[in-house]
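Visitor:
Protein chains in written order, with full-length UniProt numbering: chain V, 1 to 372; chain E, 1 to 101; chain X, 1 to 88.
Dropping the structure here:
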């Protein structure tokens, strides 16, 4: 049993952390409270505040890192202020400031760490850098109660199958090229559909109206998968559909009328990608010998993915866990939660030279001291 | 109050902010706007608080605009002289399509 | 014959106290230049004044790094602006 309370401050009955997230287009500030002792059904983390503002680009546009960084810079101080007011906390009650160190986009990450460093010095609080993926995993575990699942982490920037082993979250399988969210987002860009509330959500709504399955490449390679080939293929199909390339008999009948719709393309893309995810998740479950699956990350909100995964998991008499959009979409509270776990083990903050953000930060680089 | 001095082999320029009137102070910079892809900007800087640092943020915004204008001009002058240099070179040495970059 | 010629820019920023200018410096020095051969930045504190000294081979690089500096600095200042005199 790991002792989680070596560093509880004298006179205090709980811990409080502020978390700042800005690795992609979501800017999140969260404040969390932990009570001493191990987590259980009677000892749950308490969310004191969870605010998020998403930077949405015009239809047909991708991420626009410069504008995203500007969005984060111009909103971060206001969001922190709003969060503290909402929580009703006094500054003296806060134990540490946590921020996303990586992985993610460089300029947006930078916008947030500057505020974190300044605030930590102003209030003389320890500063904790957090791995974004670990944030998702630990928040998922805490919210759902899944204690040792295979974790499917799927988002715009990540696609990984993770399982815990000996104080590391080990990557059992992952994408060999692009993330699934990125694949869906780029197809949304091809279709020029709105990015509000998110391109993936809009693809999902179109897919619900599709019914014709078009065969796409299926590219699972052992424990890993690749998606750039599928994206190129479906981009070409969409191009042929929009540009009346009647020679393409997958898209057009002999009489020149289209036999598929945009909805069918979205449907087919999801069915293929999600089937691949289900396959590698099942493989990991068998390999690791666990009956639990936890889905985290923005793409985890997709109802079709949840249902397909559930079918497989129930077939194996297992249990499936997922969080709602407050937690599966990037947020600050998961950073506060994971950062506070780290802080409880060390009792101190990072050296400032160690607070440089990094675009690449592997999930297995972090030592999970709070588990044995 | 904040200030900046630029110096190159050819010239030196200094920018001050202490002369700025309250009515000139704003956090809305001219050179720190969104990119050309953005049609509607909902992410402008916040309004300054009524304290020393609110004031300082406005003055820094002004200074940033002045320096951006200066450096952009200098960059264009640098490019212009490079273009002229290349045009001159082609004229004198002949353009055999073999660029030595 | 090649001369290593640099363009210089010195920005002076007065804070309310030495504590504050030191906070700014500590925040900014963690992210050094990505192209140290082309541009370098040195941050110093003299009492309550933060000085940033840029040394660059080109005005293009200078503009890029000067903008990064101002954007980060404005965030530091906005943080102090909102939270230094926080009333509970």
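Idealized CB from N, CA, C, for every residue including glycine. Model, not experiment: these values are computed from the prediction.
(1) Relative to the C-alpha of residue 27 (chain X), which candidate in V:324, V:21 and V:122 has its C-alpha closest?
(2) Hey, does residue 74 (chain X) have any beta-carbon neighbour from chain E nearer than 8 angstroms?
(3) Would a check of beta-carbon distances place residue 23 (chain V) closer than 8 angstroms to chain X?
(4) If residue 40 (chain E) and residue 67 (chain V) are in contact, beta carbons under 8 angstroms, what's the gap, nearest whole angstrom?
(5) Tell me the DSSP bridge mates of residue 49 (chain X)?
(6) DSSP three-state call for residue 248 (chain V): helix, strand or coil?
(7) Could you work out which residues of chain E lie near residue 59 (chain X), taking near to mean beta carbons separated by less than 7 angstroms?
(8) Less than 8 angstroms between the CB atoms is what I'm expecting for residue 147 (chain V) and residue 228 (chain V), so what's the real figure, rounded?
(9) Report yes if the CB atom of residue 45 (chain X) is closer than 8 angstroms to the CB atom of residue 71 (chain E), and no otherwise.
(10) Alpha carbon to alpha carbon, how far is residue 226 (chain V) from residue 62 (chain V)?
(11) Considering only the beta carbon of each residue, do residue 49 (chain X) and residue 72 (chain X) sit closer than 8 angstroms?
(12) Measure the alpha-carbon distance for residue 279 (chain V) versus residue 151 (chain V) and round it to whole angstroms.
(13) What is the DSSP secondary structure of residue 225 (chain V), counted as helix, strand or coil?
(14) Could you name the residues that DSSP lists as bridge partners for residue 258 (chain V)?
(15) Leaving aside the five residues before and after residue 313 (chain V) along the sequence, list all residues of the same chain whose C-beta is less than 6 angstroms from its C-beta, in chain order.
(16) Would you mind working out which of V:17, V:263, V:269 and V:191 sits nearest residue 99 (chain V), comparing C-alpha positions?
(17) Determine, using beta carbons only, whether residue 143 (chain V) and residue 323 (chain V) come nearer to each other than 8 angstroms.
(18) What residues in its chain sit with their C-beta under 6 angstroms from that of residue 425 (chain V), if we drop five residues either side in the sequence?
(19) Any Cβ of chain V within less than 8 angstroms of the Cβ of residue 48 (chain E)?
(20) Looking at the structure shown, is residue 26 (chain V) part of a helix, part of a strand, or coil, going by DSSP?
(21) Whole angstroms is fine: what's the gap from residue 201 (chain V)'s alpha carbon to residue 96 (chain V)'s?
(22) Would DSSP call residue 15 (chain V) helix, strand or coil?
(23) Relative to chain V, which residues along the region 30-44 of chain E have a C-beta separation below 8 angstroms, given in chain order?
(24) Strictly by DSSP, which residues pair up with residue 292 (chain V)?
(25) Helix, strand or coil for residue 152 (chain V) per DSSP?
(26) Whole angstroms is fine: what's the gap from residue 249 (chain V)'s alpha carbon to residue 276 (chain V)'s?
(27) If you draw a straight line from the alpha carbon of residue 35 (chain V) to that of residue 354 (chain V), how long is it in whole angstroms?
(28) Report back the beta-carbon spacing between residue 207 (chain V) and residue 270 (chain V) to the nearest angstrom; my notes put them in contact at under 8 angstroms.
(29) Alpha carbon to alpha carbon, how far is residue 91 (chain E) from residue 79 (chain V)? Give it in angstroms, no decimals.
(30) Can you list the residues of chain X that residue 1 (chain E) reaches, using a CB-CB cut of under 7 angstroms?
(31) Using DSSP's beta-bridge definition, name the partner residues of residue 135 (chain V).
(32) Can you list, in chain order, the residues of its chain with a C-beta nearer than 6 angstroms to that of residue 30 (chain E)? Leave out the 5 residues immediately preceding and following it.
(33) Could you tell me which of X:83, X:79, X:74 and X:58 sits nearest to residue 77 (chain E), measuring between CA atoms?
(34) With DSSP as the reference, label residue 8 (chain X) as helix, strand or coil.
(35) Which bits of chain V does residue 88 (chain X) rub up against, with CB to CB less than 8 angstroms?
(36) Based on the DSSP output, what are the partners of residue 96 (chain V) in its beta bridges?
Guide: From the atom records:
(1) V:122
(2) yes
(3) no
(4) Actually they do not touch by this definition, with Cβ atoms about 12 angstroms apart.
(5) X:14 and X:46
(6) coil
(7) 71, 74, 75 and 78
(8) Incorrect: roughly 35 angstroms between the Cβ atoms, too far for contact.
(9) The answer is no: Cβ separation not under 8 angstroms.
(10) Distance between the alpha carbons of residue 226 (chain V) and residue 62 (chain V): 21 angstroms.
(11) no
(12) 14 angstroms
(13) strand
(14) V:252
(15) 293 and 320
(16) V:17
(17) In this structure, residue 323 (chain V) lies closer than 8 angstroms to residue 143 (chain V) by Cβ.
(18) In this structure chain V extends from 1 to 372, so residue 425 (chain V) is not present and cannot be described.
(19) no
(20) strand
(21) 34 angstroms
(22) strand
(23) 32, 34, 35, 37, 38, 39, 43 and 44
(24) Paired residue(s): V:319.
(25) strand
(26) Going by C-alpha positions, residue 249 (chain V) is about 26 angstroms away from residue 276 (chain V).
(27) 28 angstroms
(28) Between residue 207 (chain V) and residue 270 (chain V) a beta carbon distance of about 5 angstroms is seen, short of the 8 angstroms cut, so the two are scored as contacting.
(29) 59 angstroms
(30) 14
(31) Residue 135 (chain V) is not bridged to any residue.
(32) 65
(33) The shortest C-alpha separation from residue 77 (chain E) is found at X:58.
(34) Under the three-state reduction of DSSP output, residue 8 (chain X) falls in the strand class.
(35) 90 and 91
(36) V:17
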